[in-house]
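Report on one structure; see the data block that follows.
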Amino acid sequence: MRAVTIAAERCVEVIDVPDPRLLGPDGAIIAVEATGICGSDLHLYHGALPPGGLHPGHEVVGTIVEVGPDVRERMVGDRVLVSAVVGCGRCRACRHGDPITCPNGGPVAFGTTGQIDGGQAEYLSVPAADLFTMTVPEGISVESAVLLTDILPTGFLGAQMAAIEPGDTVAIFGMGPVGIMALAAVQLYGPSRILAVDMVPERLARAEAMGAEPIDATGGLGAVAVLEATQGAGVNAAIEAVGLRETVTDAISSVAARGRISMVGVNIEMDFPFPMASAFFKALSFRAAFAAIPSTWANLVPLVSSGVLDLGDVVTHHLGLSEAPEAYERFDRRDDGVFKILLDPSR
Ligand SMILES: NC(=O)c1ccc[n+]([C@@H]2O[C@H](COP(=O)([O-])OP(=O)(O)OC[C@H]3O[C@@H](n4cnc5c(N)ncnc54)[C@H](O)[C@@H]3O)[C@@H](O)[C@H]2O)c1
Ligand SMILES: [Zn+2]
Ligand SMILES: [Zn+2]
Numbered sequence: 342m343r344a345v346t347i348a349a350e351r352c353v354e355v356i357d358v359p360d361p362r363l364l365g366p367d368g369a370i371i372a373v374e375a376t377g378i379c380g381s382d383l384h385l386y387h388g389a390l391p392p393g394g395l396h397p398g399h400e401v402v403g404t405i406v407e408v409g410p411d412v413r414e415r416m417v418g419d420r421v422l423v424s425a426v427v428g429c430g431r432c433r434a435c436r437h438g439d440p441i442t443c444p445n446g447g448p449v450a451f452g453t454t455g456q457i458d459g460g461q462a463e464y465l466s467v468p469a470a471d472l473f474t475m476t477v478p479e480g481i482s483v484e485s486a487v488l489l490t491d492i493l494p495t496g497f498l499g500a501q502m503a504a505i506e507p508g509d510t511v512a513i514f515g516m517g518p519v520g521i522m523a524l525a526a527v528q529l530y531g532p533s534r535i536l537a538v539d540m541v542p543e544r545l546a547r548a549e550a551m552g553a554e555p556i557d558a559t560g561g562l563g564a565v566a567v568l569e570a571t572q573g574a575g576v577n578a579a580i581e582a583v584g585l586r587e588t589v590t591d592a593i594s595s596v597a598a599r600g601r602i603s604m605v606g607v608n609i610e611m612d613f614p615f616p617m618a619s620a621f622f623k624a625l626s627f628r629a630a631f632a633a634i635p636s637t638w639a640n641l642v643p644l645v646s647s648g649v650l651d652l653g654d655v656v657t658h659h660l661g662l663s664e665a666p667e668a669y670e671r672f673d674r675r676d677d678g679v680f681k682i683l684l685d686p687s688r
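Taking the numbering used here, the leading residue of the sequence shown gets 342, the next gets one more, and so forth.
Pasting the structure below:
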């Protein structure tokens, strides 16, 4: 089959690889219909790769073409969406839709560490298919189905961890696809103001069209601008959806006393000085996590199908899998209005 590979920094190719095999008797093979490129893939594109590179892709919708003998609730021909993150499939956490706290090898995201191949390919092998796939519900578009595999649960987690009270002022750092999902989710909790921070004009305009106040972070001045917009008071909660050291610090310095900081951006440095004095003397709460994706579907599917959660036109480009090198380049450049790109493996 054809699969995308990131062999080295900024080196994306589409190559022929052997078809994937079942990952155990509870696994399934999916023929991929659509697969997204995520901001997390950009970390790989920028060089955060295991030796030898990897096959990326953790946002997959497709049709089951093979199931192992222990799969009970799915069958060949089912059209499914796949959780970006999986676990062992046997422990209590996995069985409750929370592979993030799986104690048996921890959470694994497809195509991010080299442990398990990703789905920017013609086929994807999924372990514990009963737990980590969901039949695409009636009335859910392919675009929304892809969003449910990763970034919508992530944005929702961003809002949940921010513990927003009605009337709160909330800042969101990063108006990429994840930040926009967080913006949609934050609106479920009745904030009085949402300050949307980024420096890409089209992204700020998109946030403004969804009811947020655009805050230009050009020059690294996002936190300063948030403080100005709140007359120095700061916000009640800040969501970080970028993944940079600077924006973690920005989120911390933009909240008022007893503020909550919710981190969904993946900070690949994973280790840097923490502004302990601010956290301590302002009595802040700081939460960071990956989304426990399957556990969010019961909440999110009705919100998406009813239209209560308005996702806007997040998917801006449908390209062929063979165009993956160009797709990565364009998503990384963030110009020409590029937002969410889906790849179609039939092309
Ligand atoms: N926790 C999870 O489960 C999870 C899941 C998916 C993605 N992520 C992470 O979320 C982050 C965002 O993903 P995405 O797909 O939206 O990526 P993206 O790269 O498209 O978006 C990042 C946005 O941040 C903006 N930005 C950069 N520097 C900034 C600054 N100083 N101030 C304000 N904004 C700034 C960029 O202009 C861009 O619009 C990534 O780190 C990704 O790894 C986490
Ligand atoms: Zn992702
Ligand atoms: Zn487990």
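Don't be surprised by glycine CBs; every beta carbon is placed ideally from N, CA and C.
Model, not experiment: these values are computed from the prediction.
Rounded to whole angstroms, what's the CA-CA distance from residue i to residue j? Just pull it up for me.
i	j	result
Val-402	Leu-524	24 Å
Gly-380	Val-353	15 Å
Ile-457	Leu-545	35 Å
Ala-620	Ser-595	11 Å
Ile-593	Glu-463	42 Å
Ala-597	Arg-628	16 Å
Pro-410	Val-417	12 Å
Ala-349	Leu-650	38 Å
Gly-394	Ala-665	16 Å
Gly-648	Leu-641	11 Å
Ile-513	Gly-520	7 Å
Ala-550	Gly-573	26 Å
Ala-469	Val-426	12 Å
Ala-632	Met-342	30 Å
Gly-496	Pro-361	31 Å
Leu-625	Gly-606	18 Å
Gly-661	Glu-554	35 Å
Thr-559	Arg-547	17 Å
Gln-528	Thr-510	11 Å
Asp-367	Glu-484	27 Å
Pro-444	Asp-357	34 Å
Met-617	Ala-564	17 Å
Could you check what DSSP says for residue i in three-state terms: helix, strand or coil?
i	result
Phe-631	coil
Ser-687	coil
Arg-534	strand
Gly-606	coil
Val-617	Reading off the sequence, residue 617 comes out as Met, not Val. In the structure shown, Met-617 sits in a helix (DSSP, three-state: H, G or I).
Ile-556	strand
Arg-436	helix
Ile-492	helix
Ser-595	helix
His-384	helix
Val-519	helix
Gly-403	strand
Ile-378	coil
Ser-626	strand
Ile-441	helix
Ala-503	coil
Ala-372	strand
Ala-389	coil
Thr-476	strand
Val-655	coil
Val-449	strand
Arg-431	coil
Leu-585	coil
Leu-660	strand
Could you tell me the boundaries of the beta strand (DSSP E) in which residue i lies?
i	result
Cys-352	352-357
Phe-514	510-514
Lys-581	According to the sequence as given, residue 581 is Glu; it is not Lys. It spans 576-581 - the beta strand (DSSP E) in which Glu-581 sits, taken as one unbroken run.
Ile-347	343-349
Ala-425	No beta strand (DSSP E) holds Ala-425; DSSP gives it neither H nor E.
Within the 8 Å Cβ cut-off, does residue i reach chain D?
i	result
Ala-470	Although the question refers to chain D, the structure presented lacks it and comprises just one protein chain.
Using a Cβ-Cβ cutoff of less than 7 Å, which residues in the same chain neighbour residue i once the five nearest sequence positions on both sides are dropped?
i	result
Asp-382	Pro-397
His-659	Leu-683 and Asp-685
Glu-400	Thr-376, Gly-377, Cys-379, Ala-425, Val-487, Thr-490 and Asp-491
Val-589	Glu-581, Met-604 and Asn-608
Ile-505	Val-511, Val-527, Tyr-530, Pro-532 and Ala-578
Met-540	Asp-557, Ala-558 and Thr-559
If I measure Cβ to Cβ from residue i and keep anything under 6 Å in the same chain, skipping five residues before and after, which residues do I get?
i	result
Thr-476	Asp-419 and Val-421
Ile-580	Gly-499, Ala-503, Ile-513, Ala-523 and Ser-603
Gly-584	Gly-606, Val-607 and Asn-608
Assuming residue i is part of the alpha helix (DSSP H), what are its boundary residues?
i	result
Leu-472	470-473
Gly-563	563-570
Leu-545	542-550
Glu-463	Per DSSP, Glu-463 belongs to no alpha helix (DSSP H) and is neither H nor E.
Ala-665	665-674
Which residues in the same chain have their Cβ closer than 8 Å to the Cβ of residue i, if we skip the five residues on either side of it in sequence?
i	result
Gly-600	Gly-575, Val-576, Asn-577, Ala-578, Ala-579, Lys-623, Leu-625 and Ser-626
Thr-657	Gly-678, Val-679, Phe-680, Lys-681 and Ile-682
Arg-671	His-658, Asp-677, Val-679 and Ile-682
Gly-653	Ile-521, Ala-525, Arg-547, Ala-550 and Met-551
Just to be sure I understand the criterion: a residue counts if its Cβ is closer than 5 Å to at least one heavy atom of ligand 2. Which residues meet that? Cys-379, Ser-381 and Asp-491
Any heavy atom of ligand 3 within less than 7 Å of residue CB: hits in chain order: Gly-428, Cys-429, Gly-430, Arg-431, Cys-432, Ala-434, Cys-435, Pro-440, Cys-443, Pro-444 and Asn-445
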